[in-house]
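For the protein sequence lines, the chains are A and B, in the order given.
Residue numbering for the first sequence follows the working numbering, starting at 1474 and increasing by one per position.
Residue numbering for the second sequence follows the working numbering, starting at 514 and increasing by one per position.
Remarks on the structure that follows.
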Amino acid sequence: MQISLFITCYNDTLFPETGKAVVRVLERLGHEIEFRPAQTCCGQMHYNTGYPHEAASMMRRFLEVFRDAGAICIPSSSCVATIRDHYPKMAAATGDGAMIGEVDALLSRIFEFSELLIDKLGVTDVGAFFPHAVTLHPSCHSLRSLHVGAKPRQLLESVRELRLLDLHDADECCGFGGTFAVKNADVSAAMLSDKMRCILESGAEVCTALDNSCLMHIQGGLARQRSGVRCMHLAEILASTEAGDSR
Amino acid sequence: MSIRVGDAAEAPSFPRAARALLGNTQLRQNVRRATEVIRNRRARVVGELSDWEQLRQAGHEIKQHTLQYLDFYLEQFEEACTRAGGQVHWARDADEANAIILSILGARQAREVIKVKTMTSDEIGLNHALEAAGITPYETDLADLIVQLGDDRPSHIVVPALHRNRMEVRDIFLRKMHLRELGDKPEDLTNAARAYLREKFLRVGVAISGANFAVAETGSVCVVESEGNGRMCVSLPEVLITLVGIEKVIPRFEDLEVFLQTLPRSATGERMNPYNSIWTGIVPGDGPQEFHVVLLDNGRTKVLADTESRETLDCIRCGACLNACPVYRQTGGHAYGSMYSGPIGAILTPQLQSLEHSESLPYASSLCGACYEVCPVKINIPEILLHLRAKVTAAGDAPFEERVGMEAAAFVFEDPDMLALAQKLSRIAQKPFERDGVIRHLPGMLSGWTAFRDLTPIPKQSFREWWNERESQRGDQ
């Protein structure tokens, strides 16, 4: 299947390894990946911080770039949530009937990475090998907006040699919240401290999630504490194989 | 107009207030424990209803319908209540409401009043107005009493003294009730409160209550509670004044069927409240012989006018969003600048009062969505927070640094070449802050990040650069 990748500005700039991992997993499964270089950002940061007009122009670009794309894979549940939850409203606010129709036509083609694998491609075992103790942080958007449910767990449970450990208070927010982490740095840090305590108590050496935004936040705290636990996007775990071609 | 939400206009910003509260470890422990108990109880009793989602939807629809025809239902309530012997007063704002209540008390030459279950009276600053007029208010809800005797502020909309533990309550009672000794067992504290309050119930002739619901069809008023002190307040005194926000009206008596299921389960994790008081006007020879209802606007029609955020007025004050909120659970309610705390406070206060006095509140959320998930009337709080954030920036009230950053980012995202260039420039710009492959200090707003977290520097190659390289290698083959 031809799959178009919306890498997201965040992954593009800060977490290219996640993008490479997505490409590796999907190509390994025999799919053809395209990357449309005109893409930039879905508009999440602007929309969530109170800049809907700026976000609307990013939505316009997104619609234009992916107008004739088939399935679109997005390795970030908060970006998917922006598109699913807010694009219809943003389009409606423009009063442009054509745009409303375009958003409508877009939504069924949008897949978060774990959704794409399980719902669209029907696979849970992607042939991965990852001999480490892992815990999953089910990010807020994946949980309460996308309702991915057990999907990431199913994928992890199919990884050979991976030991999946429970995370206490797993569905609690890590405290990132985009600009929240900066505007309310103290409360954000208090929330992060709770999340880190649970991660450390889980005994895992790797914390994974569907969102690098949360992971950057958690990783930043764990590294500051010199904790010895690292964060990795789910795609990077799924890209690892016994042949050792994870990087 | 003097629209007022407590002292919200003078309150420090959320981040500032929160920073101070985060240092109070006892308060944080108390808040954490109490919210955990209520959350677990709520989850249990909500889980046992197979039609919970339908009940939420029904509650939402009843409220939305009522708000759409609010003028009609308010007048219907007035007529029904008057017919049953009540007197209905209309108050545009806090000052008008206080003046109405003072004039009723003045006519009776009352020097004392007992109060129960009226957060709305905190909103309008009624206790200050009463004290200024030489009238002593006694809070009779146990938690409100603890807050009043402790010269404190409520920290939760259902459990106002949730930030206090037993030992602290004991100290307050011991000091303020002039007791020689007092144990810290729940029974000891309850007995002390009972002795203190019974005397007031039997002596004071005027009571002021709030209302959970006002039924338009019958003119009835409903108050739910756990202690029975409310029941005494609304049945013992000669005169009863009930202060009601205009959004509390519901069309029909049978609509209570929905809310009397969703409210107790959401608020305290009970299947039903121990006390459900519903009264209609006056009954000769039984209960208060003079009954006043003060219908309060105080900014509510302003909220009503904004169709994007109108559903804020659906709120039935259950507090479930507070208990679910990971931000509230760190700070407790005092950080929110008024009696309306937590996620609902973050959207209600700025809309009632004014955005310019509480512009930090719409940002007091990580947008995790837990509040929306538990709301028994399906208020999409995250969506309304975003709506209010957009209003803050549109009014030009966003910090300069943020605005410049957002505009620059928007400019960059207009063009992928610009984005590629910005990625390159950022790699250069981060150099001075990078040491041994880690960034530990950043300037300006970003210092909020590095105060608590390390930052991994931007990698040498972006995804798009890697992709281009791969494509050109493929092309060569």
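C-beta: ideal position from N, C-alpha, C; glycine also.
My assumption, with CB atoms under 8 Å, is that B:Ile551 sits in contact with B:Asn836. Please give the rounded CB distance. 5 Å
With distances taken between CB atoms, is the gap from B:Ala729 to B:Gln589 smaller than 8 Å? yes
What's the gap between the Cα of A:Ala1571 and the Cα of A:Ser1530? Their backbone Cα atoms lie some 15 Å apart in a straight line.
Worksheet entry | Short-range partners of chain B found in the segment 1587–1603 of chain A, where Cβ spacing is below 9 Å | Residues of the segment 1587–1603 of chain A with a C-beta less than 9 Å from any C-beta of chain B: none at all.
- Among B:Tyr586, B:His676, B:Trp962, which has the Cα closest to the Cα of B:Leu534? B:His676
### Message
Counting only Cβ pairs nearer than 9 Å, list the residues of chain A close to B:Asp879.
### Response
Sequence inspection shows Ser at residue 879 of chain B; the Asp mentioned does not correspond to that position. Under the 9 Å cutoff, chain A gives Cys1613, Cys1646, Cys1647, Gly1648, Phe1649, Gly1650, Gly1651, Phe1653, Ala1654, Asn1657, Val1660, Ser1661, Met1664.
**OP:** Mind checking the segment 881–895 of chain B against chain A and listing, in chain order, the residues whose C-beta falls within less than 8 Å of any C-beta there?
**Re:** Of all residues in the segment 881–895 of chain B, Cys881, Gly882, Ala883, Tyr885, Glu886 have a Cβ within less than 8 Å of some Cβ in chain A.
Where A:Asp1667 falls, given that 16 or more other Cβ within 10 Å makes a residue buried: buried
In the DSSP assignment, the beta strand (DSSP E) including B:Gln600 goes from what residue to what residue? Counting along the chain, the unbroken beta strand (DSSP E) around B:Gln600 starts and ends at 600–604.
Specify whether the segment 1625–1633 of chain A and the segment 1701–1713 of chain A touch according to this definition: at least 3 beta carbon pairs, one from each stretch, less than 8 Å apart.
yes
Fill in: Bridge partners - B:Asp799, DSSP secondary structure assignment
The beta-bridge partner set that DSSP reports for B:Asp799 consists of B:Val796.
> If we cut at 8 Å on Cβ distances, does A:Ala1564 have a partner in chain B?
Replying inline: For A:Ala1564, the answer is no, since every Cβ of chain B falls outside 8 Å of its Cβ.
Do you know how far the Cα of A:Leu1579 is from the Cα of B:Val762?
42 Å
Which complete beta strand (DSSP E) runs does the segment 591–644 of chain B hold, if anything under 3 residues is left out? 600–604, 625–629
Legend entry - DSSP bridge partner residues for A:Cys1546 (one or two, in chain order): A:Leu1478, A:Phe1584
Item to check | Best match in B:Gly858, B:Val734, B:Ala720, B:Ala922 for proximity to B:Pro801 [C-alpha to C-alpha] | outcome: B:Ala720
Discussion item. Given this structure, state the Cα-to-Cα distance separating B:Thr906 from A:Gly1523, to the nearest angstrom.
Written reply: 6 Å
Buried or exposed: where does A:Asp1598 fall if 16 or more other Cβ atoms within 10 Å of its Cβ makes it buried?
-> exposed
Would the segment 522–536 of chain B count as touching the segment 844–854 of chain B if we require 3 or more Cβ pairs under 8 Å? Flag = yes, the segment 522–536 of chain B and the segment 844–854 of chain B touch.
Would you decide whether B:Pro878 is buried or exposed? Buried here means 16 or more other CB atoms lie within 10 Å of its CB.
Checking the sequence shown, residue 878 of chain B turns out to be Ser, not Pro. By the neighbour-count rule (16 or more Cβ atoms within 10 Å), B:Ser878 is buried.
(message) How far does the alpha helix (DSSP H) with B:Gly560 in it extend, from its first residue to its last?
(response) 538–560
- prompt: Who are the near neighbours of A:Glu1507 in its chain, counting only those whose CB is closer than 6 Å to its CB and skipping five residues on each side?
  reply: Ser1477
key: Alpha-carbon spacing of A:Ser1661 relative to A:Phe1653, whole angstroms   = Spanning the two alpha carbons is a distance of roughly 7 Å.
Please name the residue, chosen from A:Asp1684, A:Arg1633, A:Leu1673, A:Arg1497, that lies closest to A:Phe1603 on a Cα-to-Cα basis.
Taking each of A:Asp1684, A:Arg1633, A:Leu1673, A:Arg1497 in turn and checking the Cα distance to A:Phe1603, the smallest one comes out for A:Arg1633.
Q | As assigned by DSSP and simplified to three states, the class of A:Met1689 | A | helix
Exercise. Please go through the same chain and pick out, in chain order, the residues whose beta-carbon is closer than 6 Å to the beta-carbon of A:Cys1671, but skip the five residues on each side of it.
Key: Excluding sequence neighbours, A:Cys1671 sits near Leu1640, His1641, Asp1642.
Worksheet item: In the DSSP assignment, what residue or residues form a beta bridge with B:Ile721?
Response: B:Lys628, B:Ile754
**Study point:** Alpha-carbon to alpha-carbon, A:Glu1490 and A:Arg1720
**Key:** At A:Arg1720 the pLDDT is 43, less than 50, meaning the model places this residue with poor confidence; the figure from the coordinates comes in the next sentence. A direct Cα-to-Cα measurement between A:Arg1720 and A:Glu1490 gives close to 8 Å.
Using beta carbons (cut-off 8 Å, strictly below), is A:Ala1677 in contact with chain B?
no
task = Report all residues from its chain with a CB closer than 6 Å to the CB of B:Gln661; omit the five preceding and five following residues, and keep chain order.
result = Glu652
Could you tell me which residues DSSP puts in a beta bridge with B:Ser790? B:Val736
For B:Arg916, name the three-state secondary structure that DSSP assigns. helix
Buried or exposed, going by whether 16 or more other CB atoms sit within 10 Å of the CB of B:Ala607? buried
*Output, in chain order, the set of chain B residues within a Cβ distance shorter than 9 Å of A:Met1531.*
Result: Ala923, Phe926, Glu927.
Kindly indicate which three-state DSSP category A:Phe1653 falls into: helix, strand or coil? helix
| message | To be precise: take each residue of the segment 1679–1703 of chain A, compare its Cβ to all Cβ atoms of chain B, and keep it if any distance is under 8 Å. Which residues remain? | response | Cβ contacts with chain B: Met1689, His1690, Gln1692, Gly1693, Gly1694, Ala1696, Arg1697.
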